[in-house]
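Quick note on this note's numbering: the sequence shown kicks off at 6 and runs consecutively. Glycine included, C-beta positions come from ideal geometry on N, C-alpha and C. One structure is given below, encoded as structure tokens.
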Amino acid sequence: MRDTARAIPQQPPGPAVGPAVEPVPEPAPRRAGGPARARALLRRCWPPALIMLAGLGLWELIVALAHVPGYLLPAPSAIAADLATDWPVLEPASLVTLQEVLLGFVIAAAAGVGLATALHLSPVARRAVYPLLIGSQTVPIIVLAPILVILLGYGMAPKLVIVALICFFPIVVNGIDGLRSVDAELIRMMRTLDASRWAILRRVEFPAALPSIFSGLRIAATFAAIGAVFGEWSGSNQGLGYVMLAATPNLLTARIFAAIVLLTAIALLLFGAVSLLERIFVPWAPRGERERSDPR
């Protein structure tokens, strides 16, 4: 028995085998809360706000020290006072102009995206129509405005056409560029999966072109108020453009500046609305990734 025990090789003791331990998952990165977002927004907004306040202060100081007459250059305080005094006149005019801006912008967005898609799907149509689009921008819109008023009357129709014409071009150009910049490998992969042309457009090309389309929409949003004013100057009896035109011969310069402030506010609101829609519908845009990674 002792010889048999010596013959059995002794195995070295191995590690103790215990119950399997599941790896602990790493905690997900915490998203910035309300205070952090507020601080980030403050960091982005205070430089332009500070420059604007400094400019307004300098403007007020120059007008006061140089004794500039109000009919030549009103001070910012006089413009703010006129906003309050003439609000019964400015409010209905602002609503009319806002309606023209929004409806014209929507028409331009629908027509621009639709035409960009059609030109992308048909290379023959793109080669035929694209040069005409570029050539149409050489005609000043201020020349077309009186002609449209003569053709369409003094109602809202010519204003909508003018706003749509001004906003149309950047939407079409950015839409075509976005649709043509899709990665060719993705399109080849869809074709290997026997996808139809409509499926490729709907699932690959159009989503990839959305950032470029929204870039064109943001540019057009800043031009929409200009188109509305041109239309109202050409022939209208309401709107902020008409208020400015009527105030000019009476030397109501403060009212003109008040109308400009309201026009700027309308353009900024439209720009902000487009940017908000981009955040909702295009969360994968590179701009959003940069903002999330950089808290500044």
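What three-state label does DSSP hand residue i in the structure shown?
{"i": "Tyr247", "result": "helix"}
{"i": "Asn179", "result": "helix"}
{"i": "Trp289", "result": "coil"}
{"i": "Thr258", "result": "helix"}
{"i": "Tyr76", "result": "coil"}
{"i": "Asp87", "result": "helix"}
{"i": "Thr253", "result": "coil"}
{"i": "Pro52", "result": "helix"}
{"i": "Gln142", "result": "coil"}
{"i": "Met57", "result": "helix"}
{"i": "Met161", "result": "coil"}
{"i": "Ala37", "result": "Confidence at Ala37 is low in this model, with a pLDDT of 48, below 50, so the placement of that residue is unreliable and no value is reported for it."}
{"i": "Leu277", "result": "Reading off the sequence shown, one finds Gly at residue 277, where the question assumed Leu. In this structure, Gly277 counts as helix in the three-state DSSP scheme."}
{"i": "Val129", "result": "helix"}
Would you mind working out which of the options sits nearest residue i, comparing C-alpha positions?
{"i": "Ala264", "options": "Leu63, Val94, Asn179", "result": "Val94"}
{"i": "Arg185", "options": "Thr122, Val287, Thr269", "result": "Thr122"}
{"i": "Phe229", "options": "Leu47, Leu282, Thr258, Thr269", "result": "First, the residue type needs correcting, since residue 229 is Ala and not Phe in the sequence shown. Taking only the C-alpha atoms, the option nearest Ala229 is Thr269."}
{"i": "Arg223", "options": "Asn255, Arg208, Asn179", "result": "Asn179"}
{"i": "Val144", "options": "Leu47, Ile167, Thr227", "result": "Ile167"}
{"i": "Phe174", "options": "Leu61, Leu120, Arg48, Arg284", "result": "Leu120"}
{"i": "Ile271", "options": "Val118, Ala225, Ile67, Val68", "result": "Ala225"}
{"i": "Val111", "options": "Pro254, Ala169, Ala278", "result": "Ala169"}
{"i": "Cys172", "options": "Val154, Arg193, Ile146", "result": "Ile146"}
{"i": "Ala162", "options": "Gly240, His125, Val134", "result": "Gly240"}
Just mark residue i as buried or exposed, buried being the case when its beta carbon has 16 or more other beta carbons within 10 Å.
{"i": "Cys50", "result": "exposed"}
{"i": "Met57", "result": "exposed"}
{"i": "Tyr247", "result": "buried"}
{"i": "Ala115", "result": "exposed"}
{"i": "Leu103", "result": "buried"}
{"i": "Gly183", "result": "buried"}
{"i": "Ser141", "result": "exposed"}
{"i": "Leu267", "result": "buried"}
{"i": "Pro136", "result": "exposed"}
{"i": "Ala113", "result": "buried"}
{"i": "Ile67", "result": "exposed"}
{"i": "Met249", "result": "buried"}
{"i": "Asp181", "result": "According to the sequence displayed, residue 181 carries Ile and not Asp. Answer is buried; the Cβ neighbour count reaches 16."}
{"i": "Gly244", "result": "buried"}
{"i": "Glu283", "result": "buried"}
So residue i and residue j are in contact, right, with Cβ under 8 angstroms, and what is the actual spacing, rounded?
{"i": "Phe262", "j": "Ile84", "result": "5 angstroms"}
{"i": "Leu275", "j": "Val106", "result": "6 angstroms"}
{"i": "Leu165", "j": "Gly109", "result": "5 angstroms"}
{"i": "Pro79", "j": "Ala259", "result": "4 angstroms"}
{"i": "Ile176", "j": "Gly232", "result": "With a Cβ gap of about 13 angstroms, Ile176 and Gly232 do not count as contacting."}
Can you find a C-beta in chain B that's less than 8 angstroms from the C-beta of residue i?
{"i": "Tyr159", "result": "The displayed structure is made up of one protein chain only, and chain B is not part of it."}
Practice prompt. Inspect the CB distances between the segment 91-99 and the segment 216-225 and report whether three or more fall short of 8 angstroms.
Written response: Contact fails: fewer than three Cβ-Cβ distances are below 8 angstroms.
Worksheet item: If you pair each beta-carbon of the segment 196-214 with each one of the segment 87-94, do three or more pairs fall below 8 angstroms?
Response: The segment 196-214 vs the segment 87-94: no contact.
Worksheet item: Is there contact between the segment 140-154 and the segment 224-236, where contact requires at least three CB pairs shorter than 8 angstroms?
Response: The answer is yes - the segment 224-236 touches the segment 140-154, with three or more Cβ pairs under 8 angstroms.
Discussion item. Measuring CB atoms only, is the segment 71-80 touching the segment 128-138, in the sense that at least three cross pairs come out at less than 8 angstroms?
Written reply: In short, these stretches do not touch, since the Cβ pair count stays below three.
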